[in-house]
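Q: Each residue of the sequence shown is one higher than the last, beginning at 1 in UniProt numbering.
Sharing a structure, written as structure tokens. Questions coming.
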Amino acid sequence: MARILLAEDDASLRGFLTRALQRAGHEVIDCENGDDAIDALDQGPYDLLLTDIVMPGADGIEVARVAAGRQPGLRIMFITGFAAVALTAAQASPQAKVLSKPVHLRDLVNEVERMIAA
């Protein structure tokens, strides 16, 4: 079981992701924006940060930067509906995985399992 910090501003998607990851056996701390996710880093450590990129307050790239600074070696996965933003995220955090929305829950859970096992 992994401990996952999830940051997603879309409430329905956040709920779907949280439930899918919990059903897969993971503990999920979910946040509705980047600022809340940065605050939740104090509840770490985490095995994985799963974050949307475009959110109110701190964006996902900023959340990842702060998280990596506080917890080196943290696995990071971005999810986004914007192709250009995905390219920026990949350049900013080359070790991170970037998934494009819409994402199938099964595919997301599989990618989380792969990242945690790596």
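All C-beta atoms, glycine included, are put in the ideal place defined by N, C-alpha and C.
Curious, which full-length beta strand (DSSP E) runs of at least 3 residues does the UniProt domain "Response regulatory" (3-116) contain?
A: 3-7, 27-31, 48-52, 75-80 and 97-100
Q: How many angstroms separate the CA atom of N33 from the CA atom of P45?
A: 19 angstroms
Q: Contact check, G57 vs D35 under 8 angstroms by CB: the rounded distance?
A: So it is a contact: roughly 4 angstroms between Cβ atoms.
Q: Do K97 and E111 have their C-beta atoms closer together than 8 angstroms?
A: yes
Q: E8: which of E27, A67, I53 and L21 sits nearest, CA to CA?
A: I53
Q: Work out the CA separation of R106 and R114 for me, nearest whole Å.
A: Those two C-alpha atoms are separated by around 12 angstroms.
Q: By Cβ distance, which residues of its chain are closer than 6 angstroms to R3, with the 5 residues on each side in sequence left out?
A: E27, Y46 and D47
Q: Anyone know if the C-beta pair for A37 and T18 falls short of 8 angstroms?
A: no
Q: So, at 6 angstroms on beta carbons, what are the nonlocal neighbours of G81 in its own chain, with the 5 sequence-adjacent residues on each side left out?
A: K101
Q: Taking a contact to mean a Cβ-Cβ separation below 8 angstroms, would you say L49 touches I76 in this structure?
A: Taking C-beta atoms as the reference points, L49 and I76 count as a pair closer than 8 angstroms.
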